[in-house]
Amino acid sequence: MPAMLSTQPHGLPHPHMQTEQGPQQRQFNPYTENGGTILAIAGKDFSVIAGDTRQSEGYSIQTRYAPKVFRLTDRAVLAVNGFAADGNMFVKKVRQRLEWYRHAHAKDMPLRAIARLIQTMLYARRFFPYYVYNILGGIEEDGSGAVYSFDPVGSYEREACRAAGAAQSLVQPFLDNQIYFKNQTPAPGTSHPTHLPLPTVLKLVIDSFTGATERHIEVGDGLEIYVVLAKGASTQALEGIRGIQETTVTNDGERVFIIQRELKKD
Amino acid sequence: MDHFPTNWGRPRNDAFDAYGTYPIAQHPRNAVDVFADGVQRTQQPIVTGTSVLAIKYKDGIMMAADNLASYGSLARFKDVQRLHPVGDYTVIGAGGDMSDFQYIQQMLEELVTEEFASQDGHTLGPVEIHEYMSHVMYARRSKINPLWNSLVIGGFKNGKSFLSYVDLLGTTYTASTIATGYGSMIAQPLLRKAVEGNETTLTEEEALKIIESSMRVLFYRDARSINKFQVATITEKGATISESRHLETSWSFAEGIRGYGSQTQ
Amino acid sequence: MSIMEYNGGSVIAMVGKECVAIASDLRLGNQALGISSNFQKIFPVTDRIYLGLPGLATDVTTLQELFRFRVNMYTIKEEREIQPETFAHLVSSTLYERRFGPYFIEPVIAGLSQTPSGGFKPFIAATDLIGCLNFAKDFVVAGTASSKLFGVAEGLWEPDLEPEDLFETISQTLMNAVDRDAYSGWGCVVHVITKDKIITRTLKGRMD
């Protein structure tokens, strides 16, 4: 029996020993990876959350347009990356919880509360995780731009910028350099800005994705950039941008915009 | 306290402990899952259907699937319909396990009947069927007991066409061309080349030509396919599923092939 | 455990205007444990060719000596200096000789090649561990931080950089990439090759 030979290199099996020769069972794998990359950057009074729109499995592109970034409220946008089915279901459940909150409290849930909610929801599935990396961007109650990033089981922290997904390793060091000014020394008597202006951030986001598209096969097709502006923040930087759309719902003051761009399709 | 180290849960296997002298098998195995043999959870597809193709065109959706249900490499059932109408606006096409698909058909039939009986002035369109199926498929995968299918859902309602995909993992997407299984590798590039950008201009005749030529390529290259297939169209006028069609194929070129196997000259 | 990550280390080369640059980190590790912060991976081959050898440290030494020997033999037999293109093929065939028991090195070559008119043309190339050549027009990367290097380089590099600008670009690319790589870092060395001089600078990096 050839199968036996391969597991029994040392001759005959011991008479009392159990040999593993039960029926071969192929275990169903409830997970897959659907590629793509997401990214978010916080500014002083704005937050930018972006993701490409390609969905793939292995070497096959399933669709060129499957959004990974979702508006939750007028001050919160969630980007989800990893196993698409888990991602979509997770967003659906977060939205359901936000709706319940709205019905109970007659207002939208604050960003930091959404962040904690997401951590609780992810950790609830600690032993059968949502295979998803989440990045939450938006405006805090104090009017500052914020980004929260999560791992699949709910560890999270507030940051100024974060990349996740297939091209995280390509994009994150670039952002370290351009957002945090890592390895750059300011000229004597000057200092690096703590917050970058919106036009600079948008340029960096687009450069990050064109770069990732160039060198990673799972990134491309389309780019969706959400911009969340704080109450009273200037819209000047967004005027005249190609393909911009406002998706604000309430009159609370915060405003949400989407910018759509093409990426290479190869 | 159990003083037998071998009962502490250390994995014992002669693959890496070939000279163990302790008579392991004679000791009681404490930590056994008594249900392990009783519950059949994981499965594999048994009687299977291959690719489903679907495209958007000017008037709606066109979908195709052949009539074969295979048992491994055996062409077991050669007159199986893999396109199924749901309500008045939707057709669902399936690859993968055919018994699971028949279960899905029953389930959808029940759903449609129930919706009809409620007489609430609403009818299920392709969007609703897609949402329903994605939840069913995702729920089953989450129980590690999947319905082993790739489903294509096409429909037309209220002047809008809809085309989507759901599979055994609960993965979903919409696109203007969809091909499952082998078709995702062989037919999808052909469909994309012909359809992408022309969704609003392609006529039914042109769409049929694209589908037919793609099915032909699949028949030539996919060993689990057959040259007998059905085409569904879902338009403003409703859903129609054609009678089985036969493909004209030519194998005379095979005579001229040289250089494989023993036939080297 | 992958043998390519046993000692860690990364190398990058970039093309500029009438110049090329090659740079590497200085770490030698034993998996996660750092051993040395002055382990050179880049070696001069001729006055205008430099060779980076990231990968298994024992093979770094072996290959450096092997290439020194083969380049010397070439110089003696041909009575002329080897050109970067030729050297790249020498590297490739040397590695392919060991196709089924390879050296665990992914070489990076940077140099200036002589044109018929007597000028100099920038040349960079890299190969995988069995010698598959990649001639790039912009930049090549190798080592444990390669994906990070690709990402940053794709964002920072632009054509026709002057030597000092190229130095800044390659340094920033390398430093920021290795800071996100656990197996690379602990300082860097950069060489910029121009037609009349070589600028070599050692950079301080994060030591964590």
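Residue numbers (our numbering), protein chains in the order written: chain A, 28 to 293; chain B, 1280 to 1544; chain C, 2 to 209. Glycine is no exception: its CB is placed at the ideal position from the N, C-alpha and C atoms.
Under the three-state reduction of DSSP, which class applies to residue i: helix, strand or coil?
| i | result |
| --- | --- |
| residue 150 (chain A) | helix |
| residue 284 (chain A) | strand |
| residue 1333 (chain B) | strand |
| residue 139 (chain A) | helix |
| residue 79 (chain A) | strand |
| residue 107 (chain C) | coil |
| residue 1546 (chain B) | Absent from the structure is residue 1546 (chain B), since the part of chain B shown begins at 1280 and ends at 1544. |
| residue 114 (chain A) | helix |
| residue 1496 (chain B) | helix |
| residue 1440 (chain B) | strand |
| residue 1424 (chain B) | coil |
| residue 1456 (chain B) | strand |
| residue 1412 (chain B) | helix |
| residue 69 (chain C) | helix |
| residue 58 (chain C) | helix |
Could you pull out every residue in the same chain whose Cβ sits closer than 6 Å to the Cβ of residue i, ignoring the five residues on either side in sequence?
| i | result |
| --- | --- |
| residue 1485 (chain B) | none |
| residue 187 (chain A) | 69 |
| residue 1523 (chain B) | 1346, 1507, 1509 |
| residue 146 (chain A) | 181, 183 |
| residue 1445 (chain B) | 1412, 1413, 1416, 1430, 1451 |
| residue 160 (chain A) | 108, 109, 191 |
| residue 254 (chain A) | 75, 284 |
| residue 1359 (chain B) | 1346, 1348 |
| residue 177 (chain C) | 153 |
Within its chain, find whatever has a CB closer than 7 Å to the CB of residue i; leave out the 5 residues flanking it on each side and keep chain order.
| i | result |
| --- | --- |
| residue 35 (chain C) | 28, 187 |
| residue 18 (chain C) | 161, 162, 163 |
| residue 1335 (chain B) | 1440, 1442, 1455, 1474, 1478 |
| residue 59 (chain A) | 84, 110 |
Could you give the distance in angstroms between the alpha-carbon of residue i and the alpha-carbon of residue j?
| i | j | result |
| --- | --- | --- |
| residue 1440 (chain B) | residue 1433 (chain B) | 8 Å |
| residue 79 (chain C) | residue 93 (chain C) | 19 Å |
| residue 1418 (chain B) | residue 80 (chain A) | 25 Å |
| residue 1322 (chain B) | residue 113 (chain A) | 21 Å |
| residue 157 (chain C) | residue 170 (chain C) | 7 Å |
| residue 221 (chain A) | residue 190 (chain A) | 19 Å |
| residue 6 (chain C) | residue 132 (chain C) | 19 Å |
| residue 261 (chain A) | residue 1491 (chain B) | 56 Å |
| residue 1497 (chain B) | residue 1333 (chain B) | 14 Å |
| residue 1513 (chain B) | residue 1372 (chain B) | 12 Å |
| residue 284 (chain A) | residue 76 (chain A) | 10 Å |
| residue 33 (chain C) | residue 57 (chain C) | 14 Å |
| residue 109 (chain C) | residue 126 (chain C) | 6 Å |
| residue 9 (chain C) | residue 30 (chain C) | 6 Å |
| residue 1534 (chain B) | residue 1499 (chain B) | 15 Å |
| residue 205 (chain A) | residue 251 (chain A) | 21 Å |
| residue 179 (chain C) | residue 121 (chain A) | 37 Å |
| residue 136 (chain C) | residue 1330 (chain B) | 41 Å |
| residue 1393 (chain B) | residue 185 (chain A) | 48 Å |
| residue 54 (chain C) | residue 134 (chain C) | 14 Å |
| residue 207 (chain A) | residue 1458 (chain B) | 44 Å |
| residue 71 (chain C) | residue 181 (chain C) | 36 Å |
| residue 122 (chain C) | residue 149 (chain C) | 28 Å |
| residue 15 (chain C) | residue 183 (chain C) | 23 Å |
Between residue i and residue j, how many whole angstroms is the CB-CB distance? I'm expecting something under 8 Å.
| i | j | result |
| --- | --- | --- |
| residue 1447 (chain B) | residue 1424 (chain B) | The pair is not a contact, with the Cβ atoms about 10 Å apart (cut-off 8 Å). |
| residue 241 (chain A) | residue 63 (chain A) | Not confirmed; about 15 Å, so no contact. |
| residue 11 (chain C) | residue 146 (chain C) | 4 Å |
| residue 83 (chain C) | residue 51 (chain C) | Contact doesn't hold; Cβ gap of about 13 Å is too wide. |
| residue 1386 (chain B) | residue 1326 (chain B) | With 8 Å as the limit, residue 1386 (chain B) and residue 1326 (chain B) do not qualify as a contact, their Cβ atoms being about 18 Å apart. |
| residue 104 (chain C) | residue 64 (chain C) | 6 Å |
| residue 157 (chain A) | residue 117 (chain A) | 5 Å |
| residue 225 (chain A) | residue 264 (chain A) | 4 Å |
Can you find the residues in the same chain that come closer than 8 Å, C-beta to C-beta, to residue i, ignoring five residues on each side of it along the sequence?
| i | result |
| --- | --- |
| residue 292 (chain A) | 91, 247, 248 |
| residue 296 (chain A) | Outside the displayed span of chain A (28 to 293) sits residue 296 (chain A), for which this structure offers no information. |
| residue 279 (chain A) | 101, 102, 135, 258 |
| residue 238 (chain A) | 197, 198, 201 |
Quiz item: Which of the residues in the region 52-75 of chain A, read from start to end, lie with their CB under 9 Å from any CB of chain B?
Solution: Taken in chain order, the members of the region 52-75 of chain A whose beta-carbon sits within less than 9 Å of a beta-carbon on chain B are 52, 53, 54, 55, 56, 57, 58, 59, 61.
Exercise. Report the residues of the region 156-188 of chain C with a CB closer than 7 Å to any CB of chain A, ordered along the chain.
Key: Listed in sequence order: 156, 173, 176, 177, 178, 180, 181.
Exercise. Taking only beta carbons into account, state which residues of the region 80-108 of chain A come closer than 8 Å to chain B, listed in chain order.
Key: Answer set for the region 80-108 of chain A: 82, 84, 87, 89, 90, 91, 92, 93.
Practice problem: Report the residues of the region 186-201 of chain A with a CB closer than 8 Å to any CB of chain C, ordered along the chain. | Solution: Here the close residues are 194, 196, 197, 198, 199, 200, 201.
Quiz item: Name the residues in the region 139-157 of chain C whose C-beta lies less than 7 Å from a C-beta of chain A; which are they?
Solution: Answer in chain order: 148, 149, 151, 152, 153, 155, 156.
Self-check item: Members of the region 109-141 of chain A that neighbour chain B once the beta carbon cut-off is set at 9 Å
Solution: So the close ones are 110, 111, 112, 113, 115, 116.
Quiz prompt | Proximal residues, the region 1351-1368 of chain B versus chain A, C-beta separation under 7 Å | solution = Residues of the region 1351-1368 of chain B with a C-beta atom less than 7 Å from some C-beta of chain A do not occur.
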